[in-house]
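Under this note's numbering, the first residue of the sequence shown carries the number 1176, and numbering increases by one thereafter.
Cβ coordinates follow ideal geometry from the N, Cα and C atoms, glycine included.
See below for the structure under consideration.
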Amino acid sequence: MNLISQLNTLESSGLIRLLRAQPDLEYIFRHALAQDAAYNSLLRQDRKHLHLVVAESLENLNPQQTGELAATLAYHFERAEALDKTIHYLKQAGDRARAAYANKEALDFYRRAISHIERLGAGQTEKWRDVEIAVREKVADLMELSGNHETALSGYAHVMTLLGPEQKLVRARLHRKSAKVWIVRRDFERARQLYDEAETALGDAGVDRPVEEWGEWITIQLDHSWILYQANQIDELTALAEKARPIIERYGTALQRSRFYSSLYQAGFRRDRYVISNETLALAMEAYKAWQESDSPVKTGMVVFGVGFCHLWRGEYEEAERVLLYGLSLVEKAGDLVTQTFIVSYLTVLYRKLGKLDEVKRLAAHSLDLAGKTQMRLYVGMAMANLSWIAWREGRYAELQQHAREAMDCWAVVKFQYPFLWAAQWPLLAVATKEGRINDAADCARNMLSPDQQLLPAALTAALEQAIEDVEQGQTDQARTQFEEAIRLAGQTGFL
């Protein structure tokens, strides 16, 4: 039955004759309830066939625009119960939604595609195995992007069960993506194991390795470098960069070159204890430039964050604010909650440095919410530390101590030392000095002067070292005077 015959069916149903006799009813017919009534008056088989006619007509009339029409085509083929076309267009619609950062819509399309694949018979399921693998991986990616780590891990694990022995590239990629989840969850040992498994899955093909496998190998090295940065293993990080450099120069994409420069400036962070040199800033700018050349919407947030992070610790606050706000706009658009957590946390620190109490209040609450959603205890700790600074500024000392100790508790469970303990230790030192608890103040000072911590300005370091020496010599009054001087300097330099 062709489209004209279908319209004749509607004519015989009386709906069109009624509209022609009473044109005013056309407005009523546009109402959703009227549309539903007309739609439901058709026999189920007629509805299915009409949807099929519409879908096939759209395909035939717009052969170059089926991608743009994927969601509409999926809708009509789905209601026509044409499963092959439904699955094809649902995946395509999901990919287009994901590219436009419409993550919820993408998830809906992908999950509908999966449900239809699961309904297929055993013989048909195998036909769609590669599509199912791709769609399920995309769903897991979106789960991780929104901070649903457990769901992402179980998703990657399920995809593993669908792989054939020849699909080593997909297997390596899934191991690598799972490792990144464990890094966010601060289980670096599990992440290391998974990176090893990713390399093992690729095998040792040497010079005969296909370009796409070299691309995955490069990404594994770049992701692995993040663990070494977190663990402050600078020699290992440098060695890994040198190992990867010739392969990146030969096979790497612009985006991978961007990430390579990122690993180098991260080594600079640790080596120089977050006193950012011109060389380190230049590497961050090279990473940003390479990302721009890639024209890729992927990983934008972390690249931009790295530049803003450098400007923050160089005291270039106006530029840091501009760059971090730009990065935040990108990751909010992408729905990337994990990178949002990084950026909002350090934007809060930036406004704290500038003494902008109202901005710190707003962003500390926001960063605490983000860190809770993404289960990133490190940044729950930073949010609590910033709340302790707010309490110091407002004279609420009991609350200050509670927040600062909660921050320290969060950081204590992390396997590697967080380098910005000062965010909680300065408020604790200030209130301890005010209350005459000089030994407690000295403990705070020792924590901040540890070699795994950010290097404080020379005048601050000297004041704290002198105060500690006075405490150790039993000169309590002199120590208190030195701590008061350190507190004054910390206020001037944005640490307190």
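Item	Value
Buried or exposed for R1294, please, with buried defined as at least 16 other CB atoms from any protein chain shown within 10 angstroms of its CB.	exposed
Considering only residues of the region 1436–1499, which uninterrupted beta strand (DSSP E) runs meet the minimum length of 3 residues and lie entirely inside it, listed in chain order?	none
By the 10 Å Cβ neighbour count, where 16 or more other Cβ atoms means buried, how is A1665 classified, buried or exposed?	buried
Taking the Cβ atom as the reference point for each residue, do L1337 and R1304 lie within a distance shorter than 8 angstroms?	yes
Got a sec? Which residues, its chain only, sit under 7 angstroms from A1495 by beta carbon, not counting five neighbours each side?	G1483, H1486, L1487 and L1525
Closest by CA to T1394, which one among R1351, E1507 and A1633?	R1351
Could you have a look at A1665 and say whether DSSP puts it in helix, strand or coil?	helix
Alpha carbon to alpha carbon, what distance is there between I1422 and T1608?	55 angstroms
Looking at C-alpha atoms only, which residue of A1642, L1512, I1289 and G1570 is the closest neighbour of S1542?	L1512
Tell me whether the beta-carbon of Q1267 lies closer than 8 angstroms to the beta-carbon of A1281.	no
Report all residues from its chain with a CB closer than 7 angstroms to the CB of V1498; omit the five preceding and five following residues, and keep chain order.	V1479, V1482, G1483 and H1486
What's the call for T1375, buried or exposed, on a 16-neighbour Cβ count within 10 Å?	exposed
Classify A1315: buried if its beta carbon has 16 or more other beta carbons within 10 angstroms, exposed otherwise.	buried
On the premise that A1598 lies in contact with L1562, defined as a C-beta separation below 8 angstroms, what is that separation, rounded to the nearest angstrom?	Rounded, the Cβ-Cβ distance is 10 angstroms, inconsistent with contact.
On the CB-based measure, 16 or more other CB atoms within 10 Å of its CB, does Q1657 come out buried or exposed?	buried
Answer yes or no: do F1444 and L1397 have a C-beta to C-beta separation smaller than 8 angstroms?	no
Comparing alpha-carbon positions, which option in L1456, E1640, L1532 and D1584 lies nearest M1557?	D1584
Decide if K1313 is buried, meaning its Cβ has at least 16 other Cβ atoms within 10 Å, or exposed.	buried
Report yes if the C-beta distance between S1504 and W1466 is below 8 angstroms; otherwise report no.	no
Indicate whether Y1440 and A1414 have their beta-carbon atoms separated by less than 8 angstroms.	no
CA-CA distance, R1489 and F1517?	18 angstroms
Shortest alpha-carbon distance to V1589 belongs to which of A1406, R1311, C1619 and A1617?	A1406
Below 6 angstroms CB to CB, which residues in the same chain sit around K1260 once its five sequence neighbours on both sides are set aside?	F1252
Along the chain, which unbroken stretches of the alpha helix (DSSP H) at least 4 residues long are found entirely within the region 1347–1418?	1363–1377 and 1386–1405
Determine whether the beta carbon atoms of G1502 and G1476 lie at a separation below 8 angstroms.	yes
Starting from K1260, trace the alpha helix (DSSP H) in both directions and tell me its first and last residue.	L1258 to A1274
Measuring straight from C-alpha to C-alpha, what distance separates L1377 and V1345?	9 angstroms
Under the assumption that W1567 contacts L1671 (Cβ atoms under 8 angstroms), give the Cβ distance between them as a whole number of angstroms.	7 angstroms
Just mark E1122 as buried or exposed, buried being the case when its beta carbon has 16 or more other beta carbons within 10 Å.	Since the first and last residues shown for the chain are 1176 and 1671, residue 1122 lies out of range.
Do A1654 and L1639 have their beta-carbon atoms positioned less than 8 angstroms apart in this structure?	no
How long is the line joining the alpha carbons of R1663 and W1564, rounded to whole angstroms?	15 angstroms
Compute the Euclidean distance between the alpha carbons of K1355 and T1651, then round it to the nearest angstrom.	49 angstroms
With a cut-off of 8 angstroms on the beta carbons, I'd call Q1515 and L1545 a contact; round off their distance for me.	6 angstroms
Determine the DSSP secondary structure at D1618, reduced to helix, strand or coil.	helix
Grouping DSSP H, G and I as helix and E and B as strand, with all else coil, what is Q1650?	coil
Which term fits E1319, buried or exposed, when burial requires 16 or more other beta carbons within 10 angstroms of its beta carbon?	buried
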